[in-house]
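A quick write-up on the structure given underneath.
Protein chains: 2
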Amino acid sequence: MKYFDFAPVFKAMSDEKRLKIIDLLSNGSLCACKILEHFDFSQPALSQHMKVLVDAGLVSGVRVGNWMHYSLVKEKYEEVISFVKQISSENKEHFCDEECGKCK
Amino acid sequence: MKYFDFAPVFKAMSDEKRLKIIDLLSNGSLCACKILEHFDFSQPALSQHMKVLVDAGLVSGVRVGNWMHYSLVKEKYEEVISFVKQISSENKEHFCDEECGKCK
DNA sequence: CTCTTCTATAAGCATTTGCTTATAATATAA
DNA sequence: TTATATTATAAGCAAATGCTTATAGAAGAG
Chain A
0 MKYFDFAPVF KAMSDEKRLK IIDLLSNGSL CACKILEHFD FSQPALSQHM KVLVDAGLVS
60 GVRVGNWMHY SLVKEKYEEV ISFVKQISSE NKEHFCDEEC GKCK
Chain B
0 MKYFDFAPVF KAMSDEKRLK IIDLLSNGSL CACKILEHFD FSQPALSQHM KVLVDAGLVS
60 GVRVGNWMHY SLVKEKYEEV ISFVKQISSE NKEHFCDEEC GKCK
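In order, the protein sequences belong to chains A and B.
If you're matching positions, the first sequence starts at 0 in numbering that gives the first Met the number 0 and goes up one per residue.
If you're matching positions, the second sequence starts at 0 in numbering that gives the first Met the number 0 and goes up one per residue.
Structure (structure tokens):
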């Protein structure tokens, strides 16, 4: 089942600061140094957060000279939305379609 | 910003087994013992997973005699969907609406 | 080249997570 | 009551997470 692929995506979204980073990037790309201004932690900490977001496919980064420009991968959020719709909806194939015999 | 409230929800969804539990419950409620049949881990491990899902508001549990009947809180998934839409969409108020001065 | 700026990586550490086994709590049945 | 079945909690442990400081790498300016 493809939801195995989404666990790392939700893990990347399970941190308040990373959600804030996503929000910051929603109106357009920003360089790392600009994102860092919104937080109290160190530059390496941000670099690690960005790596988590990039590895999850939620954010992409391109180097422009000395700066890393990060931006949202919009399609990924569409995928997340349709996944949440699918996993929570009835009338689809899933693992347990037999009755629960134990529970009377 | 309300996305601070969603970090725990995504944390609950950041585990493959818990996503599988959500999928199992999508066609109707199941008792814990029936859910457990789909996994290799112990009964206490499942109990802890269910607690995470219930605490996040993704699943509700009611005791029926000896059994706990778990079911999805459908509205919560609608909330998650609209949150993902909102956080990834442009043209909304967010933290950083000034230009990135450093990045020329 | 050297120097500076921006970003990434390495190592260390405290906290959290996810499991285990053992035990307790809850509810039914005899 | 006692016995059984289902679920929850406690304690312990290995692995993962998120931060720190120190260092390294990458790119532009002089």
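Don't be surprised by glycine CBs; every beta carbon is placed ideally from N, CA and C.
Roughly how far, in whole angstroms, is the beta-carbon of residue i from the beta-carbon of residue j, given that I think they are within contact range, below 8 Å?
i, j, result
"residue 71 of chain B", "residue 18 of chain B", "Contact flag wrong, Cβ pair sits at about 12 Å."
"residue 61 of chain A", "residue 68 of chain A", "5 Å"
"residue 11 of chain A", "residue 55 of chain A", "4 Å"
"residue 14 of chain B", "residue 6 of chain A", "6 Å"
Does the Cβ of residue i have 16 or more other Cβ atoms within 10 Å, making it buried, or fewer, making it exposed?
i, result
"residue 63 of chain A", "exposed"
"residue 22 of chain A", "buried"
"residue 87 of chain B", "buried"
"residue 3 of chain A", "exposed"
Per DSSP, what kind of secondary structure is residue i in: helix, strand or coil?
i, result
"residue 97 of chain A", "The predicted position of residue 97 of chain A is uncertain, since its pLDDT is 39 and thus under 50; no value can be drawn from it."
"residue 12 of chain B", "coil"
"residue 29 of chain A", "strand"
Along the chain, where does the beta strand (DSSP E) containing residue i start, and where does it finish?
i, result
"residue 72 of chain B", "Where residue 72 of chain B is concerned, there is no enclosing beta strand (DSSP E), given that its DSSP letter is neither H nor E."
"residue 59 of chain B", "58-63"
Could you pull the start and end residues of the alpha helix (DSSP H) that residue i belongs to?
i, result
"residue 88 of chain A", "Taken as a continuous stretch (DSSP letters only), residue 88 of chain A belongs to no alpha helix (DSSP H), as it is neither H nor E."
"residue 48 of chain B", "42-54"
Open item on the list: Taking beta-carbon pairs under 7 Å, can you tell me which members of the region 5-16 of chain B lie near chain A?
Closed with: Listed in sequence order: 5, 6, 9, 10, 12, 13, 14 and 15.
Task: Positions along the region 49-80 of chain B whose CB lies within less than 8 Å of some CB in chain A - done: 63, 66, 68, 71, 73, 76, 79 and 80
TODO: Pull out every residue of the region 17-40 of chain B whose Cβ sits closer than 9 Å to any Cβ of chain A, in chain order.
DONE: 17, 18, 19, 21, 22, 23, 24, 25, 26, 27, 28, 29, 30, 32, 33, 34, 36 and 37
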